[in-house]
Amino acid sequence: MKNVVIIGGGITGLSTAYYLQQRARRDGVSIRCLVLEKDEKLGGKIQTENIDGFVLEKGPDSFLARKTAATDLCRELGLEGELVGTNPNARKTYILHKGKLHRLPPGTQMGIPTQFGPFATTGLLSVKGKARALMDLVLPRNETDGDQSLGGFLARRLGDEVLEAIAEPLLAGIYAGDARKLSLRATFPQFEMIEKKYRSLILGILAQKRAVQSPSSATKHGSVFLTVKSGLGTIVKRLTEELGAETLRTKSKVTQITARMREERFEYTIHLDHGEHVPADAVVITTPAFSAAEIFPHRDTISEVLQQIPYVSVATIVLAFPQDAVSFPLDGTGFVVPRKEGRTITACTWVSSKWLHTAPEGHKLLRCYVGRAGDEAIVDRPEEEIIAKVRQDLSDIMGITAEPLFTRLTRWKQSMPQYTVGHLNRLQEIETEIMNRWPGLLIAGAGYKGLGVPDCILEGKKTAEQVLEYILQKRA
């Protein structure tokens with residue numbers, strides 16, 4: 001019987017444990033798996049609350065359908081029948097520009113235009129800004145090698161105006177980061193590949209669209225984004241049921257890991273804050289990078305590199321209203337807010353329009369976001385102050401002045417990892433050091449190779465396979 005300890009009970013840790021147990025049963029390997037979570041709840045940032053017919057997501061509200069790890073897991077957990085797509089009649093996205101909402105031009109991908117009619121008539125850009133973006137059609141490709149910032153790349157190809165008015169606010173909704181600091185290779189490596197192959201981003205994306213023949217996973221479900229009708233928290237609930245209570249321990253904070261060689265094999269000891277010591281033949285750390293740095297064996301170079309991965313604090317504010325209190329036409333998924341607009345909120349999702357199951361009839365549900373790289377102070381302000389500022393923005397932008405039926409504020413301190421320039425090189429350095437010096441110890445999670453729910457699930461699945469391969473090698 002081999003002991004595997006997984007530190008962190010978010011979606012990555014739970015997925016690792018689930019797939020480890022599944023494959024161990026399939027291959028006839030005897031293991032004892034234990035997930036240690038410092039908080040009272042499992043699931044990490046996936047948290048769903050149901051109130052009087054409202055489905056409130058405090059963290060992520062959906063996942064990309066084309067990244068099949070999440071849909072595969074839902075099918076395995078018996079949840080495929082609960083998967084729902086976005087409202088087909090609310091596909092528009094808006095961007096705030098000079099205090100007014102403008103529709104994101106159809107066919108625009110992170111500021112890259114592929115439909116020239118909507119792009120030519122949008123009010124988001126000046127004539128000069130549009131002309132500068134179209135220079136992408138004639139500009140030469142970048143011949144220099146090495147990582148670069150995503151913002152710098154987009155500005156070079158499309159101009160500063162497209163970056164600041166369109167791309168940066170859309171990116172803020174994904175990474176809550178500064179586009180001029182984010183790594184191109186760690187966030188949108190496909191853009192670099194498109195430039196190398198086609199020279200022009202516009203021509204490259206158009207060519208790729210023409211080349212796609214087979215239907216995507218999004219086509220199968222009729223939506224680019226999917227969610228679970230009862231909330232993403234249902235995935236966590238099903239995972240915990242599959243894993244069993246004996247596999248899961250909450251309120252168990254790990255303070256450090258120690259290791260020793262015994263009969264030419266590594267043995268790990270997990271030290272908990274209440275004094276307990278847990279033995280392990282293999283360890284998976286799925287906590288944020290800064291937490292992993294604190295518990296890593298013999299804190300050294302690896303810890304220093306882990307601490308170089310910055311995190312940003314954000315908060316979500318959910319507001320429910322009677323339908324007659326919102327006269328603004330919620331005909332899309334919501335809007336994002338560029339930095340230069342000087343607003344408190346960075347984005348607002350029209351939840352009940354995007355997902356028709358999230359509010360009872362006769363009601364509207366909105367979710368606003370605050371905090372991003374360089375603008376995190378608002379997250380620490382008193383709750384009443386944050387909600388007042390959010391309501392003022394909604395009043396100015398959408399004309400909503402009514403008192404909400406209820407609000408829910410959730411603070412996510414140091415929750416959004418920033419893949420800054422050079423991130424993949426740092427990650428390679430960490431993984432090489434761990435592989436050479438700490439066999440049987442792995443790191444995984446949103447801080448390394450992908451923020452989205454499918455990314456974390458896939459990372460958990462791959463990590464489970466690595467753990468089992470290591471155990472089989474030890475047994476041999």
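Each residue of the sequence shown is one higher than the one before, starting from 1 at the first, in UniProt numbering. Here a beta-carbon is modelled for each residue, glycine too, at the ideal position from N, C-alpha and C.
Practice prompt. With DSSP collapsed to three states, give me the class of I309.
Written response: Numbered from 1 along the sequence shown, position 309 holds the residue referred to as residue 309. In the structure shown, I309 sits in coil (DSSP, three-state: anything other than H, G, I, E or B).
Practice prompt. Would you mind stating whether I457 and I285 have Cβ atoms separated by less than 7 Å?
Written response: Counted from its first residue, the sequence shown places residue 457 at position 457. Counted from its first residue, the sequence shown places residue 285 at position 285. Annotated as distal: I457 and I285, with beta-carbon spacing of 7 Å or more.
Worksheet item: Hey, which unbroken runs of the alpha helix (DSSP H) at 4 residues or more fall wholly within the stretch 396 to 456?
Response: Here the runs fully enclosed are 423 to 437.
Discussion item. Can you give me the C-alpha to C-alpha distance between T346 and T410, rounded to a whole angstrom?
Written reply: Start at 1 with the first residue of the sequence shown, and residue 346 comes out as number 346. Start at 1 with the first residue of the sequence shown, and residue 410 comes out as number 410. Approximately 15 Å between the Cα atoms of the pair.
Fill in: Selection from F153, A131, S149, Q115 that minimises the alpha carbon distance to R141
In the sequence shown, counting from the first residue as 1, residue 141 sits at position 141. Distances from the CA of R141 to each of F153, A131, S149, Q115 were compared; the closest alpha carbon is that of F153.
Practice prompt. Figure out for me which residue from M193, A207, I112 has the closest Cα to the Cα of D160.
Written response: Position 160 of the sequence shown, counted from the start, is the residue given in the question as residue 160. Nearest C-alpha to D160: I112.
Item to complete: Just grab the DSSP bridge partners of L101 for me.
Response: Position 101 of the sequence shown, counting from 1, holds the residue named residue 101. DSSP, once it has assigned bridges, lists L96 as partnering L101.
Fill in: Which listed residue (D331, L14, G374, Y94) has its alpha carbon closest to that of M110
By 1-based counting over the sequence shown, the position of residue 110 is 110. Nearest option by C-alpha distance: Y94.
Worksheet item: Got a sec? Which residues, its chain only, sit under 7 Å from T401 by beta carbon, not counting five neighbours each side?
Response: Start at 1 with the first residue of the sequence shown, and residue 401 comes out as number 401. Around T401: S395.
Worksheet item: At which residue ranges does the stretch 353 to 378 contain complete beta strand (DSSP E) runs of 3 or more residues, listed in the order of the chain?
Response: With a minimum length of 3 residues, the continuous beta strand (DSSP E) runs that stay inside the stretch 353 to 378 are 363 to 370.
Practice prompt. Report the rounded CA-to-CA distance for K253 versus L232, giving the unit in angstroms.
Written response: To locate residue 253, count along the sequence shown from 1; it is residue 253. To locate residue 232, count along the sequence shown from 1; it is residue 232. Pairing K253 with L232, the inter-Cα distance amounts to about 25 Å.
Fill in: Between the CA atoms of G342 and G146 - distance to the nearest angstrom
As a first step, residue 146 is located in the sequence shown; it is residue number 146 there, counting from the start. As a first step, residue 342 is located in the sequence shown; it is residue number 342 there, counting from the start. Near 34 Å, if we compare the C-alpha coordinates of G342 and G146.
Worksheet item: Helix, strand or coil: which one does DSSP assign to R91?
Response: Translated into the one-based positions of the sequence shown, residue 91 becomes position 91. Coil, per DSSP.
Fill in: Expected contact under 8 Å - CB spacing of A179 and L150 to nearest Å
As a first step, residue 179 must be located in the sequence shown, where it is residue number 179. As a first step, residue 150 must be located in the sequence shown, where it is residue number 150. With a Cβ gap of about 5 Å, A179 and L150 count as contacting.
Worksheet item: With burial defined as no fewer than 16 other Cβ atoms inside 10 Å of the residue's Cβ, what is the status of N87: buried or exposed?
Response: Locating residue 87 in the sequence shown gives position 87, where the first residue counts as 1. N87 counts as buried, since at least 16 other C-beta atoms from the protein chains shown sit within 10 angstroms of its C-beta.
Fill in: Three-state secondary structure (DSSP) of I387
Mapped onto the sequence shown, residue 387 falls at position 387. In the displayed model, I387 falls within a helix according to three-state DSSP.
Worksheet entry | For R249: DSSP bridge partner residues | Working through the sequence shown from its first residue, we reach residue 249 at position 249. Looking at the DSSP assignment, R249 forms a beta bridge with L36.
Worksheet entry | Whole-number beta carbon distance between L365 and V318, since they are thought to touch under 8 Å | Counting from 1 along the sequence shown, the entry for residue 318 is found at position 318. Counting from 1 along the sequence shown, the entry for residue 365 is found at position 365. About 7 Å; that satisfies the 8 Å criterion.
Worksheet item: Can you tell me the Cα-Cα spacing of L14 and T287, whole angstroms?
Response: Here residue 14 refers to the residue found at position 14 of the sequence shown. Here residue 287 refers to the residue found at position 287 of the sequence shown. Going from the Cα of L14 to the Cα of T287 covers about 12 Å.
Worksheet item: Between A172 and P454, is the Cβ-Cβ spacing less than 7 Å?
Response: The count along the sequence shown starts at 1 and reaches residue 172 at position 172. The count along the sequence shown starts at 1 and reaches residue 454 at position 454. No, the Cβ-Cβ distance between A172 and P454 is not below 7 Å.
Fill in: R66 versus Q208: straight-line alpha-carbon distance, rounded
In the sequence shown, counting from the first residue as 1, residue 66 sits at position 66. In the sequence shown, counting from the first residue as 1, residue 208 sits at position 208. Those two C-alpha atoms are separated by around 16 Å.
Practice prompt. Could you check if D52 is buried or exposed, using at least 16 other CB atoms within 10 Å of its CB as the buried criterion?
Written response: Numbered from its first residue, the sequence shown carries residue 52 at position 52. Counting Cβ neighbours within 10 Å, D52 comes out exposed, since fewer than 16 surround it.
Worksheet item: Looking at C-alpha atoms only, which residue of G107, K237, A24 is the closest neighbour of F116?
Response: Within the sequence shown, residue 116 is the residue found at index 116, counting from 1. Answer by Cα proximity: G107.
Worksheet entry | Residue interval of the alpha helix (DSSP H) (run including G107) | For the purposes of this step, residue 107 is identified with residue 107 of the sequence shown, where counting begins at 1. Element bounds for G107: n/a, residue is neither H nor E.
Practice prompt. Enumerate in chain order the residues of its own chain whose CB-to-CB distance from R238 is below 6 Å, with the five nearest sequence positions on each side excluded.
Written response: By one-based count along the sequence shown, residue 238 stands at place 238. The answer, listed in chain order, is L77.
Discussion item. What does the alpha-carbon distance come out to for the pair R199 and M135?
Written reply: Indexing the sequence shown from 1 puts residue 199 at position 199. Indexing the sequence shown from 1 puts residue 135 at position 135. Rounded to whole angstroms, R199 to M135 spans 12 Å at the Cα level.
Item to complete: Below 8 Å on the Cβ atoms is my guess for residue 562 versus V390; work out the distance and round it to an integer in Å.
Response: The structure shown does not extend to residue 562, since the chain is modelled only from 1 through 476, so no value can be given for it.
Discussion item. Considering just the uninterrupted stretch of the beta strand (DSSP E) at P279, what are its terminal residues?
Written reply: Mapped onto the sequence shown, residue 279 falls at position 279. Start and end: 277 to 280.
Discussion item. Restricting to Cα atoms, I'd like to know which of E304, E57, V236 is closest to I11.
Written reply: Numbered from 1 along the sequence shown, position 11 holds the residue referred to as residue 11. When the alpha-carbon of I11 is set against those of E304, E57, V236, the nearest one is in V236.
Worksheet item: Who are the near neighbours of S216 in its chain, counting only those whose CB is closer than 8 Å to its CB and skipping five residues on each side?
Response: Counted from its first residue, the sequence shown places residue 216 at position 216. Caution is warranted here: a pLDDT of 48 is assigned to S216, below 50, making its placement in the model unreliable, and the coordinate value is therefore given only provisionally. Here the set comprises A65, R66.
Item to complete: With a threshold of 16 other CB atoms inside 10 Å of the CB of T344, please say whether the residue is buried or exposed.
Response: Translated into positions along the sequence shown, residue 344 becomes position 344. Buried.
Worksheet item: Is the CB-CB distance between L427 and Y448 below 7 Å?
Response: As a first step, residue 427 must be located in the sequence shown, where it is residue number 427. As a first step, residue 448 must be located in the sequence shown, where it is residue number 448. Yes, these two residues count as a Cβ contact at 7 Å.
Practice prompt. If I'm right that A90 touches G332 with Cβ under 8 Å, what's the distance once you round it to whole angstroms?
Written response: If you number the sequence shown from 1, residue 90 lands on position 90. If you number the sequence shown from 1, residue 332 lands on position 332. Cβ atoms of A90 and G332 come within 8 Å of each other, at about 5 Å.
Discussion item. Whole angstroms are fine: how far does the CA of I31 sit from the CA of F191?
Written reply: Start at 1 with the first residue of the sequence shown, and residue 191 comes out as number 191. Start at 1 with the first residue of the sequence shown, and residue 31 comes out as number 31. Those two C-alpha atoms are separated by around 42 Å.
Item to complete: Name, in chain order, the residues that DSSP records as bridge partners for G244.
Response: For the purposes of this step, residue 244 is identified with residue 244 of the sequence shown, where counting begins at 1. Answer by DSSP bridge pairing: none, since G244 is not bridged.
Worksheet item: Comparing alpha-carbon positions, which option in P310, I257, T420, E431 lies nearest Q414?
Response: As a first step, residue 414 is located in the sequence shown; it is residue number 414 there, counting from the start. Selected option, being the one with the closest Cα: P310.
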